[in-house]
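Undergrad: First residue of the sequence shown: 41, per our numbering; consecutive thereafter.
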Amino acid sequence: TATAPWTAEQDPADAEARIRAAIAFILAGDIFQANVTQRFLATLPTGLDAFTLYRRLRTLSPAPFAACASFGGAHLLSASPERFLRIEPGGRVETRPIKGTRPRGATPAEDAALAAELLASDKDRAENLMIVDLMRNDLARVCRVGSVAVPVLNGLETFASVHHLVSVVEGVLEDGRGPVDLLRAAFPGGSITGAPKIRAMEIINGLEPARRGLYCGTLFRLGGDGAFDSSILIRSLVVGRMGRVAAQAGGGITADSDPAAEVAEAKVKAAPLLAALAGR
């Protein structure tokens, strides 16, 4: 069950069934991987404003791409750990896909063991590599020939509630290319869709009961010097105009995925979001 005052849009059995359906598409040869998510819904308590909720989230889950934005009465509260695309002056491009997760341990020894387990996991490393290959291809569409490289593959990064495997894919933009070209080539991110991307999105659209909206989109800043940086909108709360709050989390499904373990992993990722509204 979801943490009060949240309601899970899918019960665990339904969530596992959707994951099994994704695995069936993989075994049939349609795709290699799909990112399947679960959604949790709540109502913003009377007296709690969106910015206070964001501050709670920041405290519970500090993140390098945290952001708060308002859109005509709706609010996006993000504690994203994931860089989508960056362009530095001079045209160097970077993306940092996240694939592979373990919870933090209750003791230093348990924490180290969980991190080591993640680093040694063939399933998680393969999941990450699939998305690295996808992002290499996306960047190659707008980068100079021969410039796309992978300086970091399956590096470990540790956050407040989880360990992640993070890779770095980089390249140099072709002359005359800019942020719009890069977004057209790579959006939406491979880590939150799957591979091949278009077919994975079609399958996700059929499996998930509601459109994602802002979730798994991107928030970016663009400087006057052409510098560009963006996040993938995971680990985010969306507060609607009427006070409905939505949180969503999921993971990459591959042929080796265990549905119950995937449902549990999504709850680990969502835990800080659910706790922020519950006041913990």
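Built from N, CA and C at the ideal position, the CB exists for glycine as well.
Given Leu174, which residues of its chain have a CB within under 7 Å of its CB, disregarding the five upstream and five downstream residues?
TA: Excluding sequence neighbours, Leu174 sits near Gly230, Ala235 and Lys237.
Undergrad: Run through the region 218-303 for me and flag every whole alpha helix (DSSP H) of 4 or more residues, listed as ranges in chain order.
TA: Counting only runs of 4 or more, we get 219-226 and 237-247.
Undergrad: Do you know whose CA, among Ile243, Ala156, Leu196 and Asp221, lies nearest Asn168's CA?
TA: Per the Cα distances, Leu196.
Undergrad: Can you list, in chain order, the residues of its chain with a C-beta nearer than 8 Å to that of Ala189? Leave out the 5 residues immediately preceding and following it.
TA: For Ala189, where only same-chain residues beyond five positions count, the Cβ hits under 8 Å are Val209, Glu210 and Gly211.
Undergrad: If you follow the alpha helix (DSSP H) that Leu97 is part of, which residue opens it and which one closes it?
TA: Leu97 -> alpha helix (DSSP H) spans Ala90 to Leu100.
Undergrad: Does DSSP put Ile71 in a helix, a strand or coil?
TA: Coil.
Undergrad: What separation, rounded to the nearest whole angstrom, lies between the Cα atoms of His115 and Ala90?
TA: Looking at the two C-alpha atoms, the distance is approximately 7 Å.
Undergrad: Does the contact criterion of 3 or more C-beta pairs under 8 Å hold for the region 96-108 versus the region 240-248?
TA: Not touching, per the Cβ criterion.
Undergrad: So if DSSP puts Arg181 in a beta bridge, which residue, or which two residues, is it bridged to?
TA: Answer is none; Arg181 lacks a bridge partner.
Undergrad: Measure the C-alpha to C-alpha separation of Gly187 and Arg126 and round it to an integer number of angstroms.
TA: Inspection of the sequence shows that residue 187 is occupied by Ser rather than by Gly. Ser187 and Arg126: Cα-Cα distance of roughly 15 Å.
Undergrad: Between Leu273 and Ala68, what straight-line distance do the alpha-carbon atoms span, to the nearest angstrom?
TA: Their Cα atoms are separated by approximately 30 Å.
Undergrad: Per the DSSP calculation, Phe111 is bridged to which residue(s)?
TA: Its beta-bridge partners are Ala114.
Undergrad: Taking the alpha carbon of Leu254 as the reference point, which residue from Arg58, Ala156, Phe199 and Cys108 has its own alpha carbon closest?
TA: Ranking the options by Cα distance to Leu254, first place goes to Cys108.
Undergrad: Check Arg144 in the structure and name its three-state DSSP category.
TA: The answer is coil: DSSP assigns Arg144 none of H, G, I, E or B.
Undergrad: Whose C-alpha, out of Ser297, Gly319 and Leu317, is nearest the C-alpha of Ala57?
TA: Nearest of Ser297, Gly319 and Leu317 to Ala57, Cα basis: Ser297.
Undergrad: Going by CA-CA distance only, name the one from Gly283, Leu313, Arg275 and Phe111 that's closest to Gly87.
TA: With distances taken between Cα atoms, Gly87 lies closest to Gly283.
Undergrad: Count the other C-beta atoms from every protein chain shown that fall within 10 angstroms of the C-beta of Glu122, then say buried if there are 16 or more, exposed otherwise.
TA: So Glu122 ends up on the buried side.
Undergrad: By Cβ distance below 6 Å, which residues in the same chain neighbour Val206 in space, the five residues on each side in sequence not counted?
TA: Excluding residues within five positions, the ones whose Cβ falls inside 6 Å are Arg136, Ile138, Gly195 and Glu197.
Undergrad: Could you work out which residue in Val308, Ala311, Ala295 and Lys309 is closest to Asp70 when comparing CA atoms only?
TA: Measuring from the Cα of Asp70, the nearest candidate turns out to be Ala295.
Undergrad: Pick out whichever of Ala53, Ala146 and Tyr94 has its Cα sitting closest to the Cα of Ala318.
TA: The candidate whose alpha carbon is nearest that of Ala318 is Tyr94.
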